[in-house]
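**Q** Could you have a look at this structure, given as structure tokens, before my questions?
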Amino acid sequence: MKKWQCIVCGLIYNEAEGWPDDGIAPGTRWEDVPQDWLCPDCGVGKIDFEMIEIA
Amino acid sequence: MSAPVVIVGTGLAGYNLAREFRKLDSETPLLLITADDGRSYSKPMLSTGFGKNKEADGLAMAEPGAMADQLKAEIRTHTRISGIDPGHKRLWIGEETVYYRDLVLAWGAETVRVPVEGDAQDAIFPINDLEDYARFRAAAAGKKRVLILGAGLIGCEFANDLILGGYEVDLVAPCEQVMPTLLHPAAAAAVQAGLESLGARFHLGPVLTRLLRAEQGLQAHLSNGQVIVCDVVVSAIGLRPRVDLATAAGLQAGRGVTVDRHLKTSHVHIYALGDCAEVEGLNLLYVMPLMSGARALAQTLAGTPTAVKYGPMPITVKTPVCPLVVSPPPSGREGIWSVEGQGADIKALCHDPEGNLLGYALTGAAVLEKLALNKQLPALLA
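One line per chain: the protein sequences are L and G, in this order. Numbering-wise, the numbering used here puts 26 at position 26 of the first sequence, and it's gapless, one number per residue. Numbering-wise, the numbering used here puts 430 at position 375 of the second sequence, and it's gapless, one number per residue.
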């Protein structure tokens, strides 16, 4: 499991935790997060920001 | 040495454009000029800083020196440009002349201030950048009661955040509902009720006319005669794109600096991006359009003219007590609203007469439907 960070706002997506509020189950890999998922903190789309592998 | 690409402003627009540009062109000299301290930060995070108990330093993501290294750019901080000479592709910083290959205006918008009488005007704080945020945090430290002017998106976000940070909050705004220009009344009522459940007190209708120092805190006199006692005031009335330097240089401007789909102003080699730009009549003060613009403009500046496209632009409002996502119908499009749900969970949809979805407002549990609905929304700039 990896963590990814939104370089626009610093939000961290943790694959182990997923994002249950948006229906993304724990364990969902970043590449399996829907393309139209929006960053819950800054609202940019998945394609609109880069994720940096931080761990 | 050839003249640099010059970007005025180091907010999300300026820095994200520089970042996108450097992916395509690592050689052309790049100069960023900012009146601020040049630290990189994400403006939306200013609305959640109290709940997360973050000082301004904690919201800063990178120092200007680190940004300069990363972007292979020169960054001049605490520097205001004083004029632009489009005919000679140069600008002035006081007496100093700076020549540019291309110039990008990314200097944002400024907070609207309304005149208030009284001896405590210095206790009114706009919060539109990281330095504003630092000033307000310093002023609010050890205080209890915050009065917010404005019940729009920013006023509501601050209300929720300040309450999470332990403050008592009153809001004053001359309107009948929260976020009047953005939100269907049913969704507005849900958000207002959510904030009230946290203790927020709304005073909708009057405006602040006088702010006086009192023995303990401040006395805020409203136009309806009411007096609210508070310790500090946040001004969240609205934003106005900065256009003065552009119009002084002869560039066209409407609400913002007028640009075409290539983000080009009325003069070649000058572009505008972000909160200060009006793109084909649209002046959208949000992150998503800014990012679309930064990517397109980076291509254009790197030699591949690229028009900006806006897909649907739903806005996520940070009122966690009552989550809200809104996508207002495009202006000028006639629509019919239908409202489902009750209490905190409102699904308000706007359809055109043919049954196509034009916009929505979703609150509470209904926000889960946003991904499905986004697929049906029209693009704002196809």
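A virtual CB, placed ideally from N, CA and C, is assigned to each residue, including glycine.
#1: So, is P15 of chain G buried or exposed, given that buried needs 16 or more other C-beta atoms within 10 angstroms?
#2: Compare the beta carbon distance of A175 of chain G and G205 of chain G with 8 angstroms and say whether it is the shorter of the two.
#3: Could you run through the stretch 410-433 of chain G and flag, in chain order, every residue whose CB is less than 9 angstroms away from some CB of chain L?
#4: Would you grab the beta carbon distance between G163 of chain G and R297 of chain G for me? Rounded to a whole angstrom, and I think it's under 8 angstroms.
#5: Determine whether the beta carbon atoms of M100 of chain G and G45 of chain L lie at a separation below 8 angstroms.
#6: Which residues in the same chain as M346 of chain G place their Cβ atom closer than 7 angstroms to its Cβ, once the five residues preceding and following it in sequence are excluded?
#7: Please check if any C-beta of chain L sits within less than 8 angstroms of the C-beta of S81 of chain G.
#8: Under the rule that 16 or more other beta-carbon atoms within 10 Å means buried, what is M368 of chain G, buried or exposed?
#9: I'd like to know if the stretch 322-332 of chain G and the stretch 59-77 of chain G are in contact, where contact means that at least 3 CB-CB pairs between them fall below 8 angstroms.
#10: Under 7 angstroms: does the beta carbon of W162 of chain G sit that close to some heavy atom of the ligand PLP?
#11: How would you call A214 of chain G, buried or exposed, if buried means at least 16 neighbouring beta carbons within 10 angstroms?
#12: In whole angstroms, give me the CA-to-CA distance for R21 of chain G and E165 of chain G.
#13: In whole angstroms, what separates the C-alpha of I283 of chain G from that of K198 of chain G?
#14: With a cut-off of 8 angstroms, does the C-beta of M116 of chain G fall near any C-beta of chain L?
#15: Step through the CB atoms of chain L and report whether any lies within less than 8 angstroms of the CB of V171 of chain G.
#16: Quick check: the Cα distance between G23 of chain L and A427 of chain G, rounded to an integer number of angstroms?
#17: Report back the beta-carbon spacing between D41 of chain L and L11 of chain L to the nearest angstrom; my notes put them in contact at under 8 angstroms.
#18: Using a Cβ cut-off of 7 angstroms, pull out every chain G residue sitting near G27 of chain L, in sequence order please.
#19: T371 of chain G versus chain L: which residues are under 9 angstroms apart at the beta carbon?
#20: Classify W392 of chain G as helix, strand or coil using the three-state DSSP reduction.
#21: Beta-carbon within less than 6 angstroms of C9 of chain L's beta-carbon, same chain only, minus the 5 sequence neighbours each way: which residues are those?
#22: Taking D184 of chain G as the reference, which of G:E251, G:P261, G:A90, G:A194 has the closest Cα?
#23: Just checking my contact of L273 of chain G with L266 of chain G at CB under 8 angstroms: how many whole Å lie between their CB atoms?
#24: Sort G:V262, G:D286, G:A255 by Cα distance to E270 of chain G and report the nearest one.
#25: Restricting to Cα atoms, I'd like to know which of G:R190, G:L86, G:L340 is closest to F180 of chain G.
#26: Please confirm if V8 of chain L has its CB atom under 8 angstroms from at least one CB of chain G.
#27: For the beta strand (DSSP E) containing I139 of chain G, name the first residue and the last one.
#28: Can you find a CB in chain G that lies within less than 8 angstroms of the CB of G23 of chain L?
#29: If you scan the stretch 319-366 of chain G from start to end, which runs of the beta strand (DSSP E) of 3 or more residues do you find wholly inside it?
#30: Could you list which residues in chain G have their beta carbon closer than 7 angstroms to that of P34 of chain L, in chain order?
#31: Shorter than 8 angstroms from the beta carbon of L87 of chain G to some beta carbon of chain L?
#32: Would you verify that the beta carbon of S97 of chain G is, or is not, closer than 8 angstroms to some beta carbon of chain L?
#33: How long is the line joining the alpha carbons of M234 of chain G and G142 of chain G, rounded to whole angstroms?
#34: Scan the stretch 192-235 of chain G and note each continuous beta strand (DSSP E) run of 3 residues or more that stays entirely inside, going in chain order.
#35: Note down the Cα distance separating E129 of chain G from P360 of chain G, rounded to an integer number of angstroms.
#36: Over the uninterrupted beta strand (DSSP E) stretch that includes S290 of chain G, give me the two end residues.
**A** Looking at the atomic coordinates:
#1: Lying outside 56 to 437, the shown extent of chain G, residue 15 of chain G is not represented and no answer is given.
#2: No, the Cβ-Cβ distance between A175 of chain G and G205 of chain G is not below 8 angstroms.
#3: Those residues of the stretch 410-433 of chain G that come within reach of chain L (Cβ to Cβ, closer than 9 angstroms) are V422, L423, K425, L426, N429, K430.
#4: Yes, G163 of chain G and R297 of chain G are in contact; Cβ-Cβ is about 6 angstroms, under 8 angstroms.
#5: Contact flag unset, no.
#6: N71, listed in sequence order.
#7: For S81 of chain G, the answer is no, since every Cβ of chain L falls outside 8 angstroms of its Cβ.
#8: With 16 or more other Cβ atoms within 10 Å, it is buried.
#9: Yes, since at least three Cβ pairs between the stretch 322-332 of chain G and the stretch 59-77 of chain G fall closer than 8 angstroms, the two stretches touch.
#10: In the structure shown, the ligand PLP is absent, as is every other ligand, since no ligand is present at all.
#11: When all chains shown are included, A214 of chain G counts as buried.
#12: Residue 21 of chain G lies beyond the range of chain G shown here (56 to 437); nothing can be said about it.
#13: Distance between the alpha carbons of I283 of chain G and K198 of chain G: 15 angstroms.
#14: Yes, M116 of chain G lies at the interface with chain L (some Cβ there is under 8 angstroms from its Cβ).
#15: Not closer than 8 angstroms to any Cβ of chain L, the Cβ of V171 of chain G fails to qualify, so no.
#16: Just so you know, the alpha carbons of G23 of chain L and A427 of chain G end up roughly 12 angstroms apart.
#17: With 8 angstroms as the limit, D41 of chain L and L11 of chain L qualify as a contact, their Cβ atoms being about 4 angstroms apart.
#18: Close partners of G27 of chain L in chain G (Cβ separation under 7 angstroms) are lacking, with about 19 angstroms as the shortest Cβ gap.
#19: Here the neighbours are L38, C39, P40, D41, C42, G43.
#20: Taken through DSSP and simplified to helix, strand or coil, W392 of chain G comes out as strand.
#21: So the list reads D41, C42, once near-sequence residues are dropped.
#22: Answer by Cα proximity: G:A90.
#23: Going by Cβ atoms, the distance from L273 of chain G to L266 of chain G rounds to 6 angstroms, so yes, they are a contact pair.
#24: Of the candidates G:V262, G:D286, G:A255, the residue whose Cα lies closest to the Cα of E270 of chain G is G:D286.
#25: It is G:R190 whose Cα lies nearest to the Cα of F180 of chain G.
#26: For V8 of chain L, the answer is yes, since a Cβ of chain G falls inside 8 angstroms of its Cβ.
#27: Per DSSP, I139 of chain G belongs to the beta strand (DSSP E) from 138-140.
#28: Yes, its Cβ sits closer than 8 angstroms to a Cβ of chain G.
#29: Taken in chain order, the complete beta strand (DSSP E) segments of 3 residues or longer contained in the stretch 319-366 of chain G are 325-327, 332-334.
#30: Going along chain G in sequence order, the residues near P34 of chain L (Cβ under 7 angstroms) are L426.
#31: No, its Cβ sits nowhere closer than 8 angstroms to a Cβ of chain L.
#32: At least one beta carbon of chain L lies nearer than 8 angstroms to the beta carbon of S97 of chain G.
#33: Going by C-alpha positions, M234 of chain G is about 42 angstroms away from G142 of chain G.
#34: Qualifying beta strand (DSSP E) stretches, in chain order: 200-204, 223-228.
#35: Using only the alpha carbons, I get a separation of about 25 angstroms.
#36: In the DSSP assignment, S290 of chain G falls within the unbroken beta strand (DSSP E) covering 287-290.
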